[in-house]
Every structure is written in structure tokens, then in C-alpha cells.
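For the record, in the sequence shown the residue sitting at position 235 is 235 according to full-length UniProt numbering, with numbers rising by one throughout.
Beta carbons are placed, not taken as given, at the ideal position from N, Cα and C, and that holds for glycine.
On a predicted model such as this, the values are computed, not experimentally measured, just so you know.
One structure below.
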Amino acid sequence: MSQAQTPGQAQTPLRMTDISKAYAGIPALRSAHLEARAGEALAVMGANGAGKSTLMNILGGVTSSDSGQIVIDGVEISLRSPRDATKHGIAFVHQELTMFPTMTVAENIFIDSLPSQAFLTDTKDMIRQSQALLTRLGCTISPAARVERLSIGDRQLVEIARALRHNARIIIFDEPTSSLTGPERQRLFEVVRSLKAAGVVIIYITHFLDEIFSICERVTVMRNGETVWASPISDVDPAKVVHLMLGVTENGAGSAHRSRRLERLSWPSMA
Ligand SMILES: Nc1ncnc2c1ncn2[C@@H]1O[C@H](COP(=O)(O)OP(=O)(O)O)[C@@H](O)[C@H]1O
Ligand SMILES: [Mg+2]
């Protein structure tokens, strides 16, 4: 994890500018941009197909951009693989969790060191380190438990523990609460808050407006592959965000129906 930030002095360690990407000639991103600060969570919002996951896959080294710059701490970087992203302190907590179910929690946390370094990795030490990471997350699951026995929420914490093991300072959450129970969702929010307090940059993709007010300091809205709006949470008006996401005006006839539908979708359970 990075150095703690002084409250009120949030820095801008991550900047993505002019990011474009086309799949088979069809643009998925058109000069998209994004800025995120240490110790803050940036919500990335947008309707399905807006380009959120594509932008994050580029940041996670999962896919390459056709053009654009990624700057971390003022230095332009190039990401050719997820391993490159890990080296730069970027971690991705995927929507579809990337666990090995028949392996233990500790083995999943140390998966990048297995099997080539397995003979070097003392199992006891691996379990001890995993335990420390899980404790830091306020999580009581056993490092020796098989992942297949865990709930989705616990598996997600194992992914976060893996990110911490790599000292991730930028953690991307792609719709992390879509399969969580209410209490798991609250626990995740606590984890996000503690990561922010430790100076981590959080990028938080969600459809849920109530979540952004709970844990995000800033909001970026994407539509049709473009960044259409970015602002501090204090300037966020839910109706405006919904309209920006859909690209409709206040008085468009069909738009009223569409935005009502989206607002319903976006306010699931005010926990
Ligand atoms: N691997 C892919 N191959 C082809 N098209 C893709 C691929 N990934 C995303 N797209 C397209 O790119 C656009 C943006 O998708 P995506 O980034 O998944 O949006 P979001 O996460 O905001 O729902 C969509 O039109 C989608 O169909
Ligand atoms: Mg997506």
C-alpha cells in the first residue's frame, strides 16, 4: 500500500487521457479520460456498453488501447499485460472473480508465486502472511479454507487480500456488489473506507447511485465510449447523473420513461 495521504491534500496519482479503442472497427472508447486521487474513491458510472469495463481492462493491462496515455505519478507508463499492471501497483477486483476454487485461500492469495516458486514458499509463512492480510481486512476466514467453501463476499475479500499482497495502490472494483448480500455489501464498504484511509486510489464501477453517495468522493460518467462528466460527489445530483448516463434531456418525451426506469434500477436497497 502507498504512503498515507494527509486529509485534504489528495493527490492525482492516476491520469488516463485520450484513450481510444475499437473492436473490429467499432469504437468502444473515444478519447475517454479519467483522473483519480489517492485516498479517494472515484465512481465510474454509465449505462451498459458505455465503455467502463473496456477502460478498466486497459488500466488492468488486460486489453490494449489503440491510442492514449496512462500517467502514474507524473510518469507515462505502458501496460502490455496484467503483470505489467501489477508491477505498477494496479489491481483489479473483477466482476467474475478469478479464484481457483479447489485451492486454499492462502494459495489463491499467493497464486502468482505458484507453482514456479512453490518450493521456495514456505507454507507456514504463506499462511501467516495471508492471515495478516485477511486480518487487515477485518476478515475472519481461515487461510487454510478451500475457496469453493466460501461465499461470494468472502471470495471477493480474498481477491482484495491478493491485491494488498502486491502492495496495490490503485484498486479497481468492477460492479463489486452485484452478487453480495446486504451485510457483505456493508462489509465491503468498510474495507473500501479502510483502503482509502491508507491512501489507496479506488476506482469503483457501479450502477447504484446509493453506493456512490456512501463511499465515493468523485464521479465520472461515461456514455458511448466518451467521458461526459466528472465532478466531486458534492456536485452530484442523481437526476442529472441519470440524464448524463442516458444522454437525454429533461424534456425529451421518451427520455422521461427511460430515466424513470433507470432510476428504479439504480436505487435498489437503501441499506
Ligand atoms: N472483447 C470485446 N469484443 C468486442 N466488443 C467489445 C468487447 N468488449 C467490449 N466490447 C464492446 O465495447 C463497448 C463497451 O463495452 P464495455 O466496456 O463492456 O461497457 P460497460 O462496461 O460500460 O458496460 C460495447 O459496445 C461492447 O459491446
Ligand atoms: Mg462492464
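Indicate whether the contact test is met: 3 or more Cβ pairs, each with one atom in the region 56-74 and one in the region 233-242, closer than 8 Å.
They do not touch, by the three-pair rule.
What ranges does the beta strand (DSSP E) occupy inside the region 202-231, keeping only unbroken runs of at least 3 residues that lie completely in it?
If only uninterrupted beta strand (DSSP E) runs of at least 3 residues are considered, those enclosed by the region 202-231 are 218-223.
Local conformation of Thr98 per DSSP, three classes
Here Thr98 sits in coil by DSSP.
Going by alpha carbons, who is nearest to Leu55 out of Glu211, Met103, Ile172, Ser113?
Comparing Cα-Cα distances from Leu55 to each of Glu211, Met103, Ile172, Ser113, the minimum goes to Ile172.
Drop a sphere of 10 angstroms on the beta-carbon of Ile19, count the other beta-carbons inside from all chains shown, and report buried for 16 or more, exposed for fewer.
Its Cβ being crowded by 16 or more others within 10 Å, Ile19 is buried.
Give the range of the beta strand (DSSP E) segment to which Val200 is assigned.
Counting along the chain, no beta strand (DSSP E) covers Val200, and no H or E run does either.
Cβ-Cβ distance between Ile72 and Leu34 below 8 Å
No, Cβ-Cβ distance for Ile72 and Leu34 is not below 8 Å.
Once the 5 residues before and after Glu217 are set aside, which same chain residues still bring their CB inside 7 Å of it?
Excluding residues within five positions, the ones whose Cβ falls inside 7 Å are Glu40, Ala41, Pro232, Ile233.
Tell me whether Thr135 counts as near ligand 1, meaning its Cβ is closer than 7 Å to at least one heavy atom of that ligand.
Answer for Thr135: no, Cβ out of range of ligand 1.
Could you compute how far the alpha carbon of Val105 sits from the alpha carbon of Val191?
Between the alpha carbons of Val105 and Val191 lies a gap of roughly 18 Å.
So, Leu29 versus Gly49, is the Cβ gap smaller than 8 Å?
Pairing Leu29 with Gly49 gives a Cβ-Cβ distance that is not under 8 Å.
According to DSSP, is Val62 part of a helix, a strand, or is it coil?
Coil, per DSSP.
Sequence-distant residues of the same chain with beta carbon closer than 6 Å to Asp154, five excluded per side
Ile141.
I need the DSSP call for Val192, collapsed to helix, strand or coil.
Val192: helix per DSSP, three-state reduction.
Leu164 vs Arg136 beta-carbon contact at 8 Å
Yes, these two residues count as a Cβ contact at 8 Å.
Of the residues Asp84, Ile70, Phe92, Met99, which one's Cα is nearest the Cα of Tyr204?
Comparing alpha-carbon positions, the option among Asp84, Ile70, Phe92, Met99 lying closest to Tyr204 turns out to be Phe92.
Is the beta carbon of Leu180 closer than 8 Å to that of Ile160?
Using a Cβ distance threshold of 8 Å, Ile160 and Leu180 do not count as a contacting pair.
What I want to know is whether the C-beta of Tyr23 ends up closer than 7 Å to one or more non-hydrogen atoms of ligand 1.
For ligand 1, at least one heavy atom lies less than 7 Å from the Cβ of Tyr23.
When you measure from the CB of Asp73 to every non-hydrogen atom of ligand 2, does any distance come out below 7 Å?
No; taking the cut-off as 7 Å, the Cβ of Asp73 has no heavy atom of ligand 2 nearer than that.
Near Pro101, what residues of its chain come up, given a Cβ to Cβ distance below 6 Å and the 5 sequence neighbours on each side ignored?
Only residues of its own chain outside the window of five on either side were considered, and among them Val147, Glu148 have a CB closer than 6 Å to the CB of Pro101, listed in chain order.
Compare the beta carbon distance of Ala197 and Gly89 with 8 Å and say whether it is the shorter of the two.
The Cβ-Cβ distance between Ala197 and Gly89 does not fall below 8 Å.
For His33, which of helix, strand or coil comes out of DSSP?
Note: His33 maps to strand in three-state DSSP.
Which class does Val44 belong to by DSSP, given the choice of helix, strand or coil?
Under the three-state reduction of DSSP output, Val44 falls in the strand class.
Could you give the C-beta distance for Phe208 and Thr177, rounded to a whole number, given that I count them as a contact under 8 Å?
Sure, about 7 Å apart at Cβ, within 8 Å.
Quick check: the Cα distance between Ile127 and Thr206, rounded to an integer number of angstroms?
Between Ile127 and Thr206, the C-alpha separation is close to 33 Å.
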